[in-house]
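Structure first, commentary second.
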Amino acid sequence: MTEKELFGRFPLLNRISSDKKEQILLYFATAPVELLEHMAVERLPANTTFVLEGHSANYVYCFAKGAVKAIDFRFPGLEYEFMQFNKVVYAMGAMEILLERKEYYTTLKTAVPSIMIRCEAEAFGQWLCGD
């Protein structure tokens with residue numbers, strides 16, 4: 003996938019720093035251009051839950067800008083943050099594909115306003131397992 007194909011299709015990605023753009027291009031370098039048909043780029047406000055533990059793992063999320071925190075709800079009424087991600091293009095939901103799990107393992111929430119690349123899990127898995 004080329005820079006023109008990815009950033010031309012999703013102009014919101016042009017709002018990220020050049021070093022993060024390079025990381026995204028490197029990550030998706032071997033992705034087939036057809037994957038673009040199964041992708042979207044979204045801006046999410048801080049404290050937006052976008053993955054819920056136990057719910058269908060339909061998407062893989064790669065963040066282009068921002069930070070994400072993993073949340074545990076083992077005790078009613080208590081939110082326990084046990085991990086935070088701010089590395090560009092960490093593929094959240096890819097583990098579920100590799101482990102052939104149909105539901106997400108954890109809950110994920112944005113820590114700050116973020117820009118996310120969302121990809122349908124089935125298409126991402128075909129690329130991931132076939133690359």
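3 is the number of the first residue of the sequence shown in our numbering; add one for each residue after it.
C-beta: ideal position from N, C-alpha, C; glycine also.
For G56, the CB contacts under 6 Å within the same chain, skipping 5 residues up- and downstream, are E105 in chain order. Nearest to V35 by C-alpha distance, out of L14, E5, Y63, Q25, is E5.
About 7 Å separates the beta carbons of K111 and V70, which is inside the 8 Å limit, making them a contact pair. The straight-line gap separating the alpha-carbon atoms of Y107 and T51 is approximately 14 Å.
In the DSSP assignment, A96 falls within the unbroken alpha helix (DSSP H) covering 96-100. Cα atoms of N16 and K22: separation of roughly 10 Å, rounded to the nearest angstrom.
For a cut-off of 8 Å, the C-beta gap from L28 to E7 is around 15 Å, too long to register as a contact.
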